[in-house]
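Peer 1: In terms of the numbering used here, the sequence shown is residues 757 to 954. No residue lacks a Cβ here, since even glycine has one placed at the ideal position from N, Cα and C. The structure follows.
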Amino acid sequence: MHTKGAGAFGYFEITYNITKYSKAKVFEHIGKSLIATWPGTSGACGPSLCIVFFLFSDRGIPDGHRHMNGYGSHTFKLVNAKGEDVYCKFHYKTDQGIKNLLVEDAARLSHEDPDYGLQGLFNAIATGNYPSWTFYIQVMTFSQAESSPFTPFNVTKIWPHKDYPLIPVGKLVLNRNPVNYFAEVEQLVRPEQHAAWH
757 MHTKGAGAFG YFEITYNITK YSKAKVFEHI GKSLIATWPG TSGACGPSLC IVFFLFSDRG
817 IPDGHRHMNG YGSHTFKLVN AKGEDVYCKF HYKTDQGIKN LLVEDAARLS HEDPDYGLQG
877 LFNAIATGNY PSWTFYIQVM TFSQAESSPF TPFNVTKIWP HKDYPLIPVG KLVLNRNPVN
937 YFAEVEQLVR PEQHAAWH
């Protein structure tokens, strides 16, 4: 089986201080930009389950990578410098706006231009129209998790934003296409430790 995905490079800039939730050094300096790599492949990994639900919902079929949000399906744990733990969910909200395809258009493009979504990302970066996403977290305390009417660790559950508001963290900007796709993208995701913030 051969997977199909996209890859691009850019930076992640911290715009808000979240050190009250996380002691990770990456979040210490507002305005600091970090080199970011964004490998993407389509496969049968756990987080893929959420996108399947979205595709069969009223949200529709995304019009390429630039016009879709990203979510960390799993629940993660953050620990601050005082050793205080919270659970969190990750959200990347597209700054280009959500844009979807009609089913008929998606079916036509899958035959006429199967790289339509990938090409849109590549062309935007090549012309200096750098796509970006604002990164947010949702936070839930352990006591909130214990009394929650839903299981916060279930990848099919969305935490209500009214109870667990989105907290802004930073911005991911993709500003460079790979020159050698095999060496820069395909080799990046194997082994797993290469997909990291530098």
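Return yes when the Cβ of Val-925 is within less than 8 Å of the Cβ of Ile-774, no when it is not.
Peer 2: Their beta carbons are under 8 Å apart, which means Ile-774 touches Val-925 by this criterion.
Peer 1: Name the residue from Ile-893, Ser-778, Gly-761 and His-830 whose alpha carbon lies nearest to the alpha carbon of Thr-912.
Peer 2: Ranking the options by Cα distance to Thr-912, first place goes to His-830.
Peer 1: Please state the DSSP three-state secondary structure of Gln-900.
Peer 2: Gln-900 falls in the helix class under three-state DSSP.
Peer 1: Are the CB atoms of Leu-790 and Tyr-827 within a distance shorter than 8 Å?
Peer 2: Against a cut-off of 8 Å, the Cβ pair of Leu-790 and Tyr-827 comes out as no contact.
Peer 1: To the nearest angstrom, how far is it from the Cα of Tyr-892 to the Cα of Lys-788?
Peer 2: Those two C-alpha atoms are separated by around 16 Å.
Peer 1: In angstroms with no decimal places, state the Cα-to-Cα distance between Tyr-920 and Val-842.
Peer 2: Roughly 12 Å between the two C-alpha positions.
Peer 1: Note down, in chain order, each residue of its chain lying with its Cβ closer than 8 Å to the Cβ of Pro-886, except the 5 sequence neighbours on either side.
Peer 2: The sequence given here has Tyr at residue 886, not Pro. Closer than 8 Å at the Cβ level, and outside the excluded window around Tyr-886, lie Gly-766, Ala-880, Val-929, Leu-930 and Asn-931.
Peer 1: In the DSSP assignment, find the beta strand (DSSP E) that holds Asp-841 and state where it starts and stops.
Peer 2: Looking at the DSSP string, the run of the beta strand (DSSP E) that includes Asp-841 is 841-850.
Peer 1: Do the stretch 834-852 and the stretch 860-867 meet, that is, are 3 or more Cβ pairs less than 8 Å apart?
Peer 2: In short, these stretches do not touch, since the Cβ pair count stays below three.
Peer 1: Which residue comes first and which comes last in the alpha helix (DSSP H) that contains Asn-879?
Peer 2: Element bounds for Asn-879: 872-882.
Peer 1: From Leu-858 to Thr-771, what does the alpha carbon distance come to, in whole angstroms?
Peer 2: Cα to Cα, Leu-858 sits roughly 35 Å from Thr-771.
Peer 1: What does the Cβ neighbour count give for Gln-894, buried or exposed, with the cut at 16 atoms within 10 Å?
Peer 2: Gln-894 comes out buried.
Peer 1: For His-917 and Pro-908, what's the separation of their Cα atoms in angstroms?
Peer 2: One C-alpha to the other measures close to 13 Å.
Peer 1: Closest to Phe-832 by CA distance: which of Phe-938, Gln-875, Tyr-872 and Tyr-777 is it?
Peer 2: Measuring from the Cα of Phe-832, the nearest candidate turns out to be Tyr-777.
Peer 1: Please go through the same chain and pick out, in chain order, the residues whose beta-carbon is closer than 7 Å to the beta-carbon of Lys-855, but skip the five residues on each side of it.
Peer 2: The answer, listed in chain order, is Asp-819 and His-823.
Peer 1: According to the neighbour-count rule (16 or more other Cβ atoms, all chains shown, within 10 Å of its Cβ), is Ala-863 buried or exposed?
Peer 2: Ala-863 should be labelled exposed.
Peer 1: Would you call Tyr-937 buried or exposed, if buried means 16 or more other Cβ atoms sit within 10 Å of its Cβ?
Peer 2: It counts as exposed.
Peer 1: State the CB to CB distance for the pair Asn-933 and Phe-878, rounded to an integer number of angstroms; the pair is presumed to be in contact (CB under 8 Å).
Peer 2: So it is a contact: roughly 6 Å between Cβ atoms.
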